[in-house]
Amino acid sequence: MLADDLRGLYYIALKDLRAYYFKPPNISWGILLPFAFVLAFAIRNPGDLRELVPGLLALTLLFGTSSMEAIVIVVERRIGSLERLLLAPVRLPALLAGKLLGGMVFGLTVTLVVLGIMLAVFGVSGVNWLLLILALLLSAAAFSALGALVSVAVREIFEAQTLANFVRFPMMFLGGVFVPVAALPLGLQILARALPLTYTVEALRAALGIGAAEHAILDLSVLAGFAVILFALAVRILGQRLE
Amino acid sequence: MSNAIEVERLTKVYEQGQRGTKPVVAVDHVSFQVQPGEIFGFLGPNGAGKTTTIRMLTGLTQPTSGRASILGFDLFRDVTRIKKQIGVVPERSNLYDELTACGNLEFSMQLYGVPRAEWRPRAGELLEHFRLNEKHNVPFAKLSRGMKRALTIAAALAHRPPLIFLDEPTTGLDVMNARSLRKMIAGLRDQGVTVFLTTHYMEEAERLCDRIAIIVQGQIVALDTVEGLKKTAQNTNIIEITFESETNGAETRRFEDRDVAKAVQTGLAQAKGRRLLALNTIRPTLEDVFVRLTGLDREIMLAEKGGKEPGNAGG
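Chains as they are written, first to last, in the numbering used here: chain P, 393 to 635; chain D, 4 to 318.
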């Protein structure tokens, strides 16, 4: 049964990547949108551009993993093709994990493109590669699970897009991408601590040698916690919705 | 060999979420068996419980109570094993628009663990069988409705299941496509595949099915061979009378009675001076049995079918 689940998980992810993710508009928007935000901020507040790299990577990963993930399940439920997966010998958590994996692979791919450009421009000295890989993987899992949760919680595509943006945009401004969390008012700092993007930015800053590394383990643990909890919630809600 | 499907007092109750609404009994203690290699028809009006029964038997919906075994596996304990052994064609063709005909078939085989070496040959075999070999590289979205339906059936057969569920397979198809699909379904029986078929089309059921169960309001009200079901209506005579209508067209009506003369008298009394165009005696059909058992009149049946029946002369 586990073999069926693992096989199903892998091929569902592969099918999603082929059918939905690796299309020119997704790839270009996945990279351009975060660049546009960061560039706008850099023009308004010129300074050390290297400081913006962790935020740029975090945003690319957030939008890359969650944008399509947030609507894939809604679309498949509407056209009935989700039922094909439910009829296959694959249990619901494995099915949803396949969806998650598709979002993760796509998000990580576009983020690696941006990372490559950034490392070519700013150099690779001081990069903690292990921390960088773990931060990217765990963040991708957390953001993809967030996208899946949005996707199973709504019925219409416009609702998914609205809900995804409702969650992502406050994260973008509170998560330490443009302004350090420590510089925010206390109330917003507390709110920022409830957002996965905050921990991604912190872990990436540490991985790229820009910020302190002492909280890196905590950041990674929180990201793993977000991934597990959001995934479990998505499985539960999808199960209820299908019944 | 044991039955392909054994269902005993299977029940599905939907608890309503809103306050004050009563639970809905969608399927109410149904029991039946399907033998290996037969085409078993499951008929009923809209909302009778056909789709809910299929959803339970295919593991999409959890039954509230009762027992069922599919190909010897218990529905409550071995649902993943059951899923590996069955193919399902839902009412709506639901393959992936973005994948090609061949890509969709290969994805089905991947999900069901068909060995990699078989993907291409099996896809080619199915595409040829369903006369889609020239469309192997065409995205599903660009196929005609009939081709989509055929490919959806092909995808359900990709892993060679011994049992296939077909939910309204010809709904919405034109005459030629419906005929062609019926031939394919009849061909499945020749290959030893057990078919569980739901349809609105009585002639389709009559031509294809070895046995038929009729479900009304969640309960099975009849289960027999086509001939067995027709015999239940043989005590009744049906007279079909066509009058000239008030707009110079024709209006056909049916009248039933145990006494043929009485049926004719009743019919002629309805003429009210209009010219009689035709008078025929009709041998009871499966549709007559269905109408009697379900309480649906013919106009409602036609409306449920979407106005007309495709491919009456199906094969």
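Glycine included, each C-beta is placed from N, C-alpha and C at the ideal position. Note that the coordinates shown come from a computational prediction; the quantities given were computed from them, not determined experimentally.
**Request:** Counting only runs of 3+ residues fully inside the region 269-297 of chain D, write out the beta strand (DSSP E) ranges in chain order.
**Result:** 279-285
**Asked** For residue 460(P), which residues in chain D fall below 7 Å Cβ to Cβ?
**Response** By Cβ distance, chain D contributes nothing, its closest Cβ being about 12 Å from residue 460(P), past 7 Å.
**Request:** Would you kindly check if the distance between the Cβ of residue 433(P) and the Cβ of residue 550(P) is under 7 Å?
**Result:** no
**Request:** Starting from the C-beta of residue 228(D), find all residues in its chain whose C-beta is less than 6 Å away, skip the five residues before and the five after it, and write them out in chain order.
**Result:** 214
**Asked** Would residue 597(P) count as contacting chain D if we go by Cβ distances under 7 Å?
**Response** no
**Euclidean distance between Cα positions of residue 284(D) and residue 265(D)** = 13 Å
**Request:** Check whether the Cβ atoms of residue 161(D) and residue 108(D) lie closer than 7 Å to each other.
**Result:** yes
**Message:** Quick check on this structure: which residue in 26(D), 166(D), 47(D) has the alpha carbon closest to the alpha carbon of residue 219(D)?
**Reply:** 47(D)
**Item:** Residue nearest to residue 36(D) in terms of C-alpha spacing, selected from 226(D), 49(D), 242(D)
**Value:** 226(D)
**Message:** For residue 579(P) and residue 567(P), I'd like the C-alpha separation in whole angstroms.
**Reply:** 13 Å
**Prompt:** Where does residue 310(D) land, buried or exposed, given buried means 16+ other C-beta within 10 angstroms?
**Reply:** Only weak support exists for where residue 310(D) lies, its pLDDT of 44 falling under 50; the coordinates are left without a value.
**residue 417(P): CB within 6 Å of a non-hydrogen atom of the ligand MG** = This structure lacks the ligand MG; in fact it carries no ligand of any kind.
**Whether residue 464(P) touches residue 412(P) by CB criterion (7 Å)** = yes
**Prompt:** Listed in chain order, which residues of the region 106-123 of chain D have Cβ atoms closer than 9 Å to some Cβ of chain P?
**Reply:** 106, 110, 111, 113, 114, 115, 116
**Prompt:** With 7 Å set as the bound, which would you pick, yes or no: does the beta-carbon of residue 494(P) sit closer than that to a beta-carbon of chain D?
**Reply:** no
**Message:** Counting only Cβ pairs nearer than 7 Å, list the residues of chain D close to residue 491(P).
**Reply:** Here the premise fails: no neighbours, minimum Cβ distance about 14 Å.
**Asked** Across which residues does DSSP place residue 166(D) in a beta bridge pair?
**Response** 89(D), 197(D)
**Request:** Ignore the nearest five residues each way along the sequence and tell me which others in residue 216(D)'s own chain have a CB closer than 6 Å to its CB.
**Result:** 35, 45, 223, 226
**Cβ-based neighbour list, residue 16(D), same chain, cut-off 6 Å, excluding 5 preceding and 5 following** = 26, 28, 67
**Request:** Return the first residue and the last residue of the beta strand (DSSP E) that residue 240(D) is part of.
**Result:** 240-247
**Message:** Given a cut-off of 7 Å on the beta-carbon distance, is the pair residue 455(P) and residue 416(P) in contact?
**Reply:** no
**Request:** Consult DSSP for residue 447(P) and reduce its assignment to one of helix, strand or coil.
**Result:** helix
**Request:** Name the residue from 562(P), 396(P), 475(P), 596(P) whose alpha carbon lies nearest to the alpha carbon of residue 87(D).
**Result:** 396(P)
**Request:** Taking 7 Å as the cut-off, decide whether the C-beta atoms of residue 81(D) and residue 143(D) are in contact.
**Result:** no
**Prompt:** What first and last residue would you give for the alpha helix (DSSP H) that runs through residue 406(P)?
**Reply:** 394-408
**Message:** Just list the residues that DSSP pairs residue 142(D) with in beta bridges.
**Reply:** 103(D)
**Request:** Output the distance between the C-alpha atoms of residue 504(P) and residue 533(P), rounded to the nearest integer angstrom.
**Result:** 15 Å
**Prompt:** Does the beta carbon of residue 91(D) come closer than 7 Å to any beta carbon on chain P?
**Reply:** yes
**Item:** the region 610-627 of chain P contacting the region 512-527 of chain P, beta-carbon criterion three pairs below 8 Å
**Value:** yes
**Request:** From the DSSP output, in three-state form, read off residue 632(P) for me.
**Result:** helix
**Item:** Residues near residue 54(D) by beta carbon distance below 8 Å, same chain, minus five either side
**Value:** 94, 170, 201
**Asked** If you measure from the beta carbon of residue 543(P) to each beta carbon in chain D, is any gap under 7 Å?
**Response** no
**Request:** Consider the Cβ of residue 480(P): report whether some Cβ of chain D lies at a distance smaller than 7 Å.
**Result:** yes
**Prompt:** Counting contacts by CB-CB distance shorter than 7 Å, is residue 63(D) in contact with chain P?
**Reply:** yes
**Prompt:** Which whole-angstrom value is the C-beta distance of residue 484(P) and residue 537(P), which I expect to be below 8 Å?
**Reply:** Actually they are not in contact, since the Cβ atoms of residue 484(P) and residue 537(P) sit about 14 Å apart, beyond 8 Å.
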